[in-house]
Amino acid sequence: MPRVVLLGSSPGTSTAFGQPTPPAALTLPALPGSPTVIGKLHGQIASLDPAPVTIVRSGEAAAHRGLPGRLVETANLADDLRAVADAVEDATENLLILPANSLIHDELIYQITKSKRGALALITKEPREEDENGDFIVPDVPIDEALPEIGDRSLEGLPVRVRASKSRVISVGSAFHAVTRPNSVLLGPLHLHHKHAATLAEAARELADMAHLFGPEDDLVQLLVLGLVRRGVSVGIRGRRDLFFRRLNTPEEAVQAVAEMAGFDEDRARLNNAVKGADGFFTTYFVSTYSRFIARWAARRGLTPNQVTLISIALGVASAACFATGARPGMIAGAILIYFAFVFDCVDGQVARYARKFGVLGAWLDATFDRFKEYVVFAGLAIGAAVSGVGDVWTLALTAIALQSVKHLLDFSFGAANRRRPPAPLPSMPLSVSPDTELRAALEQRKIARSGGIRGLLKMWSKAGRNRAVYWARKMVVFPIGERFAAIALVSAFFDARITFITLIIWGGVATAYTLTGRLMRSLA
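Residues in the sequence shown are numbered consecutively from 1, following full-length UniProt numbering.
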C-alpha cells in the first residue's frame, strides 16, 4: 500500500483567493452527508493509508485537525518543501501525493496507484498534431498566451511540456524555471515509486533553498515534478480520460464540480478499464466488445476469477471432446465451444480487474491452463482425424505445439532479461538554471544517438505503428492467443484437422520468425 501525502499548501489557498474558508474545508452539499472536501478525500484514501501525512499552512490547520494521520503545519513554501522531504525520504512504500482540495473519482486514484511507472503525474492536454519527433506542435508564443489555448483556464500557472511518443514529462516551468513551448498542464496527483523517494527529498530541499525565486502561482506538486524531471527521473503522464479530477478553491467551484462529476459514469469507466488495452485484433473486436458485461454480471453475483477460469477450462475440454468425434457436427460444436472457452478466458481477467480480486493462484491457473486448453484441443483434433479417416496428423500436431512452445520461450525469456536490465539514465540539469535549453538539448542528443543502425530501424518500425492498419497487422502477425483460438475455430468448422494444423504451423512459423528477429534486434540495440 502506498504512503499518502496530502498537500494543503498550494495555489488556491484561502490566503491567495481571499476566501474565508480553506479550500479543503469546503462542503459538498450535493453529496450524501454533505462531507467536506478533505473529509471525502480521507474516506477515499483510508484503504490505502489510514494515517496519511498532511502538510498545511498554519492558518488552515483547523480544517484538518481531528482527521486521521499526522498534521504538519508550515509557514511558507520553503517549509512546505522541507516538510515534503521529511515525509518521503525514508519511504519504503510507494508514494501518492495529492492536493488536499482534490475532488477525484475512486477509480482514478486506483489506476494512478496501480501504475508500473517509476513516477506518474496526472496531465491534461489538447489533442494536437505531432511533428516527426512525436512532439505536439505548439506555436512559439509566451506562456501567458499559450496556456489559455490548452483549455482549462483554472489551471494556468502549471505549464509542462510532454513528449507524446515517450509518454513522459520533459520540462516543467515555474516563476523562475522557463519551459519551452508548453503543451500541457499539470493537474496535481503524483504517484512515485519508493526507489525515487530519496531523489524527491533531495530535490525538495534544494528547491526550498530557492523558494524566494518562486511566485504565489507556483504549485507545490508542480515544483516536485520539476525537481524529479531535472534530476533525471522519468515522469510518465496520464490523462483523466473518462474519469473526473478537479482542485476546488471556492464554494462555487465545489457546487459546479460535483454537478460535473455526476455526469461521469464511474462504474462504466471501471468496467472499460477492466479490459486490457493491448489485446489483439480478434480479442478487441470480437470478444471484449461484450465480454466486459459478462464480467460485471459475474462479479456482481459473487463469482471469483478462479471460478470463471474453471468454466473456461471445462469449455476447452468439452471442445476437445467434440473435435475427437471427427464428425462434421462435432467439429462445428467444438469450434463454437473453443470460441466461448476463449471468451471466458478473457472474462476471468476482467472479473479480477473489475472486482479487484487478484491472487497468485489465479495468475498461475490462468497462464497454465491457457496452454492446457490449447494442447488438449490439439489432441482432440488429432484423435478426431484418426477416427474420421483423415489420417495420422500427430506429427502436425506436435509440430504446432513445438512452434508455440518455442515462441512462448522467446517471449518469457526476453521479458525476464528485460526486467533485469537497468533503464537507461535520462539527462539531468541543475535546479539553479532557469532555461530548460540544456536539458532539451541533452534529450535531443540522446535521441540522435539512438537513431542510427538497428535502433533507427526499430524506431522507424515503432513509428509505423501509428498507422492503424500497421498497428493491427503487427498485433496479428505474432499470432496471439485470440488469433490462435479464432484460427482453430474457423478452420476446423469448415475444413478438417489436417488443414487446421497446417494453418497453425504456417502462421505459427511466421510468428516465431518475426518474434525471434525482433528479440534479436532489440537485444543487439
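By construction, the Cβ of each residue, glycine as well, lies at the ideal position given by its N, Cα and C atoms. All values derive from a computational prediction rather than experimental measurement.
Residue i bridges to which residues according to DSSP?
i	result
Glu483	Bridge partners of Glu483: none, in fact.
Ala121	Leu190 and Ile237
Leu70	Reading off the sequence, residue 70 comes out as Arg, not Leu. Paired residues: Val53.
Thr36	Thr27
Arg3	Leu95
Pro159	Val185
Ile104	Phe245
DSSP state of residue i, grouped into three classes?
i	result
Gly508	helix
Glu444	helix
Asp131	Because the pLDDT of Asp131 is 49, which lies under 50, any placement of that residue in the model is unreliable, and the number read from its coordinates should be weighed accordingly. Note: Asp131 maps to coil in three-state DSSP.
Arg65	coil
Leu48	coil
Leu426	coil
Asp370	helix
Pro22	coil
Glu89	coil
Lys463	helix
Pro305	helix
Val390	coil
Val433	coil
Thr325	coil
Val376	helix
Ala84	Residue identity check: residue 84 is Val in the sequence provided, not Ala. It is helical.
Asp496	coil
Ser154	Residue placement at Ser154 is poorly supported in this model, since its pLDDT is 39, which falls under 50; the coordinates are not used for a value here.
Arg356	coil
Gly8	coil
Ala473	helix
Ser312	helix
Val478	coil
Glu145	Interpretation of Glu145 is limited by its pLDDT of 35, a score under 50 that renders its predicted location unreliable; the figure taken from the coordinates is listed afterwards. Of the three classes helix, strand and coil, the one that applies to Glu145 here is helix, per DSSP.
Ser115	coil
Ala75	coil
Ala525	coil
Within 10 Å of its beta-carbon, does residue i have 16 or more other beta-carbons around it, so buried, or fewer, so exposed?
i	result
Phe323	buried
Phe378	buried
Met429	buried
Ile506	exposed
Asp496	buried
Lys195	exposed
Leu524	exposed
Asp265	exposed
Asn94	buried
Glu438	exposed
Leu243	buried
Asp370	buried
Lys373	buried
Gly334	buried
Ser102	buried
Arg301	exposed
Leu431	buried
Pro52	buried
Might you give, ordered along the chain, the residues of its own chain that have their beta carbon closer than 6 angstroms to the beta carbon of residue i, omitting 5 neighbours on each side?
i	result
Leu504	Ala400
Ile332	Ala493
Pro148	Low confidence applies to Pro148: its pLDDT is 34, below 50, so where it sits in the model is not reliable enough to give any reading.
Ala211	Leu77 and Ala78
Pro142	In this prediction, Pro142 scores a pLDDT of 33, lower than 50, which makes its location untrustworthy; the coordinate-derived value is nonetheless stated afterwards. No residues qualify anywhere along the chain.
Thr283	Gly482
Gly518	none
Ala299	Val351, Tyr354 and Ala355
Asn133	Low confidence applies to Asn133: its pLDDT is 47, below 50, so where it sits in the model is not reliable, and the reading given next is rough at best. Closer than 6 angstroms at the Cβ level, and outside the excluded window around Asn133, lies no residue.
residue 536	Because residue 536 is not part of the residues shown, which for the chain are 1 to 525, the question remains open.
Who are the Cβ neighbours of residue i in its own chain at under 7 angstroms, not counting the five residues just before and after it?
i	result
Val478	Ala511, Tyr514 and Thr515
Ala314	none
Ile237	Ala121, Ile123, Val162, Ser167, Arg168 and Val169
Pro480	Gly280
Leu337	Leu315, Ala318, Ser319 and Cys322
Gly326	Gly384, Ala385, Val387 and Ser388
Gln256	none
Which residues in the same chain as residue i place their Cβ atom closer than 8 angstroms to its Cβ, once the five residues preceding and following it in sequence are excluded?
i	result
Gln44	Ile104, Asp106 and Ile109
Gly465	Tyr471 and Arg474
Met521	Ile454, Leu457 and Leu458
Asp152	For Asp152, the predicted structure reports a pLDDT of 37, less than 50, and the residue's modelled location is therefore unreliable. A value from the coordinates is still provided. Same-chain partners within the cutoff: Thr124 and Val185.
Phe245	Ser102, Leu103, Ile104, His105, Leu108, Leu122, Leu187, Gly188 and Pro189
Runs of 4 residues minimum, wholly inside the segment 243-293: which ones carry the alpha helix (DSSP H) assignment?
As far as the segment 243-293 is concerned, its whole alpha helix (DSSP H) runs of at least 4 residues are 251-262, 266-273 and 281-286.
Ignoring anything shorter than 4 residues, give me the alpha helix (DSSP H) runs that lie fully in the segment 162-231, in order along the chain.
Runs of the alpha helix (DSSP H) inside the segment 162-231: 197-209 and 220-230.
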